[in-house]
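Engineer: Could you have a look at this structure, given as structure tokens, before my questions?
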């Protein structure tokens, strides 16, 4: 709020709180390099704890439904040919099976 | 002898059944392992350390100690956002735009005008996320895996929405009133988080555009400088950082109304309906359900034998009024009435307490079961639904008397 008034702007966007940036960077996905693509596609809009938090409770089909929801509803620009590898990854490391 | 043997058999069978029931129902409600592993205590600026569920967008729940008082402190109040870009608002340049095809005219209100031109109303009301306790769903379902702290109770002060709508001239053909806030997604193509209320609920005298919470300005994370307050209804309608109010002649078409925040029709004991958004099988979530929380005991806590045990908690519903809270310390076999504290208003948490006489050493299963003036009682079994909304199953806490 103080930053907002200093710049006299009602809509000065801040990506997130300083503590959240610090905290968020501590999240590490499993699988080393395999996680890179998932990290790239998912972390544009949300922190990766969304994945951890929902593990290991979702089937492969449920993970696919989540990815499709992000594409269809939230307009995540994920190319169709990346869907299967992303869902495979989520299912392998964070799935219920 | 014959009689005695039958009795023994019966008793043994009864005990066996009870044991089976106890073990069966004592598949303890627990958060997913990944939720437990990724949760941390973290303080957003201006807030106490809360239980972090997700960093971005920030979703933080209030720890149990937040509920020791009937009013939840502002700096302990839970935080829930759908979209990650949450602007810092300068109240001096903030405007509330009111209009839409269901209104006669448009308004462009400053905070000064909101406070000066409309009578201020004050009330205490529970703000509870539709998905509170989703993390305890059995089986687990996808979503923000909340424990019991995606809720809070505050004294809200603001202008009545009905007065603002009257100033704008609500047309008779207005069916809904829609709200938008200042939050945005990182991608422009992501739809905005917008919600609507039926016109009759928007015109309810208790529906507010609130600019104060517990006697202070709203915290940034709870919607500064103004949010919609809809006492009795799920927090999904309590739009934060509200900047737009539109009266609509047609139902709002949006993912957030058509797909999200919906429950099966007929599954829950709901009185308030949202007919303009109902489908054949589902309805937008409306009222919060009768519920309670034990606030001074945690699973696995140990207490000395021979001492009375104080059990304290809160009960709430959609505003019909708490009729009573019953306590069981024997896994639900017998129930006794707790003492209700003074009411802070029908939309508020109601505090209660119960003194359990000294018990012998052993494990106790403590349960609390609230009922309201409609005769609606918390269910013994979870009313399961795919999105994990409305979890109001009776809590069971295991403590050990040693």
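Residue numbers (this note's numbering), protein chains in the order written: chain A, 1 to 97; chain B, 1001 to 1402. Where is the CB? At the ideal position from N, CA and C, for every residue including glycine.
1) Taking the straight line between their C-alpha atoms, what separation do you get for residue 1309 (chain B) and residue 1332 (chain B)?
2) Using the beta-carbon count (16 or more within 10 Å), is residue 1330 (chain B) buried or exposed?
3) Within the continuous alpha helix (DSSP H) that includes residue 964 (chain B), where are the two ends?
4) Please confirm if residue 30 (chain A) has its CB atom under 8 Å from at least one CB of chain B.
5) What residues from chain B crowd round residue 73 (chain A), counting only those whose CB sits closer than 9 Å?
6) If we count the other Cβ atoms within 10 Å of its Cβ and call it buried at 16 or more, is residue 1339 (chain B) buried or exposed?
7) In chain order, what residues of the same chain lie with their CB nearer than 8 Å to the CB of residue 1243 (chain B), ignoring the 5 residues before and after it?
8) Just the C-alpha distance for residue 1112 (chain B) and residue 1118 (chain B), rounded to the nearest angstrom, thanks.
9) Who are the near neighbours of residue 1363 (chain B) in its chain, counting only those whose CB is closer than 7 Å to its CB and skipping five residues on each side?
10) Hey, does residue 1308 (chain B) have any beta-carbon neighbour from chain A nearer than 8 Å?
11) List, in chain order, every chain B residue whose beta-carbon is nearer than 7 Å to that of residue 57 (chain A).
12) So that I know if they touch, is there some Cβ in chain A lying closer than 8 Å to that of residue 1186 (chain B)?
13) Would you grab the beta carbon distance between residue 1146 (chain B) and residue 1155 (chain B) for me? Rounded to a whole angstrom, and I think it's under 8 Å.
14) Taking all protein chains shown into account, decide if residue 1384 (chain B) is buried (16 or more other Cβ within 10 angstroms of its Cβ) or exposed.
15) Taking the alpha helix (DSSP H) that residue 1244 (chain B) falls in, what are its first and last residues?
16) Pick helix, strand or coil for residue 91 (chain A), following the three-state DSSP scheme.
17) Looking at the secondary structure, which residues open and close the beta strand (DSSP E) in which residue 1312 (chain B) lies?
18) Which same chain residues, not among the five before or five after residue 1267 (chain B), have their C-beta less than 8 Å away from its C-beta?
19) If we define contact as Cβ-Cβ less than 8 Å, is residue 94 (chain A) a contact residue for chain B?
20) Can you name the residues that DSSP bridges to residue 50 (chain A)?
21) I want to know whether the stretch 27-36 of chain A touches the stretch 1163-1179 of chain B - three or more CB-CB distances under 8 Å.
22) Using only the alpha-carbon positions, how far apart do residue 1030 (chain B) and residue 1215 (chain B) sit?
23) Does any C-beta atom of chain A lie closer than 8 Å to the C-beta of residue 1052 (chain B)?
24) So what does DSSP say about residue 45 (chain A), is it helix, strand or coil?
25) Specify, as a first and last residue, the run of the alpha helix (DSSP H) that residue 1112 (chain B) falls within.
26) Specify the secondary structure class of residue 85 (chain A) as computed by DSSP and reduced to three states.
27) Beta carbons nearer than 7 Å to chain A: which residues of the stretch 1054-1072 of chain B have them?
28) Exposed or buried, residue 1391 (chain B), counting other C-beta atoms within 10 Å across all chains shown (16 or more means buried)?
29) Look up residue 1167 (chain B) in the DSSP assignment and say whether it is helix, strand or coil.
30) May I ask you to verify whether the stretch 1083-1090 of chain B touches the stretch 1232-1239 of chain B, counting CB pairs closer than 8 Å and requiring at least 3?
31) Determine the DSSP secondary structure at residue 1088 (chain B), reduced to helix, strand or coil.
32) Taking the alpha carbon of residue 1160 (chain B) as the point to measure from, which residue in B:1135, B:1143, B:1195 and B:1228 has its own alpha carbon closest?
33) Assuming the contact rule is C-beta atoms closer than 8 Å, residue 1327 (chain B) and residue 1368 (chain B) should be a hit. Round their C-beta distance to whole Å, please.
34) Would you please verify whether the beta carbon of residue 1145 (chain B) is less than 8 Å from any beta carbon of chain A?
35) For chain A, find out if any of its Cβ atoms is closer than 8 Å to the Cβ of residue 1040 (chain B); answer yes or no.
36) Identify which residue in B:1225, B:1288, B:1206 and B:1306 has its Cα closest to the Cα of residue 1122 (chain B).
Structural biologist: Straight from the coordinates:
1) The straight-line gap from Cα to Cα measures roughly 17 Å.
2) It counts as exposed.
3) Nothing can be reported for residue 964 (chain B), as the shown portion of chain B is limited to 1001 through 1402.
4) With 8 Å as the cut-off, residue 30 (chain A) does not count as an interface residue toward chain B.
5) In chain order: 1190, 1191, 1255, 1259 and 1260.
6) Exposure of residue 1339 (chain B) is indicated by the presence of fewer than 16 other C-beta atoms within 10 angstroms of its C-beta.
7) These residues qualify, in order along the chain: 1094, 1095, 1096, 1097, 1180, 1181 and 1182.
8) Whole-angstrom Cα-Cα distance: 10 Å.
9) Cβ-Cβ distances below 7 Å link residue 1363 (chain B) to 1398 and 1400 in the same chain, with the five nearest sequence neighbours on each side left out; the list follows chain order.
10) False, the Cβ-Cβ gap to chain A never drops below 8 Å.
11) Near residue 57 (chain A) (Cβ distances below 7 Å), the residues of chain B are 1032 and 1140.
12) Interface residue, yes.
13) In this structure residue 1146 (chain B) does not touch residue 1155 (chain B) by the C-beta definition: roughly 24 Å separates them, more than the 8 Å allowed.
14) A residue is called buried when at least 16 other Cβ atoms come within 10 angstroms of its Cβ; residue 1384 (chain B) does not meet this threshold and is exposed.
15) Boundaries around residue 1244 (chain B) are those of the beta strand (DSSP E), 1242-1248, since no alpha helix (DSSP H) includes it.
16) Looking at residue 91 (chain A) - three-state DSSP - the assignment turns out to be helix.
17) For residue 1312 (chain B), the enclosing beta strand (DSSP E) stretches over residues 1309-1316.
18) The answer, listed in chain order, is 1383 and 1385.
19) So, interface residue.
20) Bridge partners of residue 50 (chain A) according to DSSP: none are assigned.
21) With a cut-off of 8 Å, the stretch 1163-1179 of chain B and the stretch 27-36 of chain A do not count as touching, because too few Cβ pairs lie within range.
22) Answer to the nearest angstrom: the Cα atoms are 36 Å apart.
23) Yes, residue 1052 (chain B) lies at the interface with chain A (some Cβ there is under 8 Å from its Cβ).
24) In the structure shown, residue 45 (chain A) sits in coil (DSSP, three-state: anything other than H, G, I, E or B).
25) Annotation for residue 1112 (chain B): the continuous alpha helix (DSSP H) segment containing it runs 1111-1117.
26) If DSSP states are grouped into helix, strand and coil, residue 85 (chain A) belongs with the helices.
27) Answer in chain order: 1054, 1055, 1056, 1057 and 1058.
28) Its Cβ being crowded by 16 or more others within 10 Å, residue 1391 (chain B) is buried.
29) For residue 1167 (chain B), the three-state secondary structure derived from DSSP is helix.
30) With a cut-off of 8 Å, the stretch 1232-1239 of chain B and the stretch 1083-1090 of chain B do not count as touching, because too few Cβ pairs lie within range.
31) Under the three-state reduction of DSSP output, residue 1088 (chain B) falls in the strand class.
32) Nearest of B:1135, B:1143, B:1195 and B:1228 to residue 1160 (chain B), Cα basis: B:1228.
33) About 6 Å; that satisfies the 8 Å criterion.
34) Answer yes: the Cβ-Cβ gap between residue 1145 (chain B) and chain A drops below 8 Å somewhere.
35) Yes, because at least one Cβ of chain A sits closer than 8 Å to the Cβ of residue 1040 (chain B).
36) Checking every option, the nearest Cα to that of residue 1122 (chain B) belongs to B:1206.
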